[in-house]
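The block underneath contains the structure these notes are about, expressed in structure tokens.
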Amino acid sequence: MENTNLKIAVIIHSKTGNTKSVAERIKEKLVARGHQVQLEEIVAGNDEEMDLAKIILTKNPESKGYDGYVFGAPVRAFSLSPIMKAYLSKTQDLEGKPVYCFLTQHFRFRFLGGDNALKQFELALNDKSARILGTNIVNWKSKKRAQLIEETVDLVKF
Ligand SMILES: Cc1cc2nc3c(=O)[nH]c(=O)nc-3n(C[C@H](O)[C@H](O)[C@H](O)COP(=O)(O)O)c2cc1C
Numbered sequence: 388m389e390n391t392n393l394k395i396a397v398i399i400h401s402k403t404g405n406t407k408s409v410a411e412r413i414k415e416k417l418v419a420r421g422h423q424v425q426l427e428e429i430v431a432g433n434d435e436e437m438d439l440a441k442i443i444l445t446k447n448p449e450s451k452g453y454d455g456y457v458f459g460a461p462v463r464a465f466s467l468s469p470i471m472k473a474y475l476s477k478t479q480d481l482e483g484k485p486v487y488c489f490l491t492q493h494f495r496f497r498f499l500g501g502d503n504a505l506k507q508f509e510l511a512l513n514d515k516s517a518r519i520l521g522t523n524i525v526n527w528k529s530k531k532r533a534q535l536i537e538e539t540v541d542l543v544k545f
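Using our numbering, the letters of the sequence shown correspond one by one to residues 388 to 545.
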């Protein structure tokens, strides 16, 4: 998608800043390409809660009114962060809009939670009628971390 001046939301959950640091790189790139970019964080009052029904979102970013989206979240307990799950379950339908998503995870290998979390991310986004254009995982303890971050930034083609 090569249109300039799109309204893009980068919507993330990030507790310790790894996901946010990647999101900031993506934002910089999109701003340099002439887009209007809003970086929004999802915050829960009870961030460690695993039970979706009990999660209380204290920052619940508006998802309406954008041309495209980037979603980012950490892997938690071999799954998509429950905070991102809770957010996506309640947010507005994405109406076929283009979406990229990425995960960060501690372990070096995607099979240690990343692959499963990514499946859950894609399912949750598909439930919201997202048109997923690309996905990636950044393995934080991998020797290739810098390369994986570059790949994730490159992936986003708005
Ligand atoms: C409760 C909890 C569970 C986690 N489970 C996993 C896991 O299953 N696999 C993994 O690779 N990393 C796991 N992690 C590590 C995070 O995915 C990783 O540190 C991530 O980059 C944190 O992102 P953030 O700094 O944006 O919050 C877990 C972290 C927490 C707090």
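Where a beta carbon is used, it is the ideal one built from N, C-alpha and C, also for glycine.
| Asked | Found |
| --- | --- |
| Cβ contact (3+ pairs, closer than 8 Å) linking the segment 488-500 and the segment 437-452 | no |
| Status (buried if at least 16 other CB within 10 Å, exposed otherwise) for Q507 | buried |
| Same chain, Cβ closer than 7 Å to V424, five either side skipped, listed in chain order | I395, V397, K414, L417, V418 |
| Pick from V486, P461, T478, L475 that is closest to D454, judged by C-alpha positions | V486 |
| Every unbroken beta strand (DSSP E) within the segment 418-476, with a cutoff of 3 residues, ordered by chain | 423-428, 444-446, 455-463 |
| Residues with C-beta closer than 6 Å to any heavy atom of ligand 1, in chain order | S401, K402, T403, G404, N405, T406, K407, P461, V462, R463, A464, F465, T491, Q492, H493, F494, L499, G500, W527 |
| Cβ-based burial, T406 [other Cβ within 10 Å; buried from 16] | buried |
| Residue from R412, E435, S476 with nearest C-alpha to V462 | E435 |
| I443 and A431 closer than 8 Å at C-beta | yes |
| For V540, the first and last residue of its enclosing alpha helix (DSSP H) | 532-542 |
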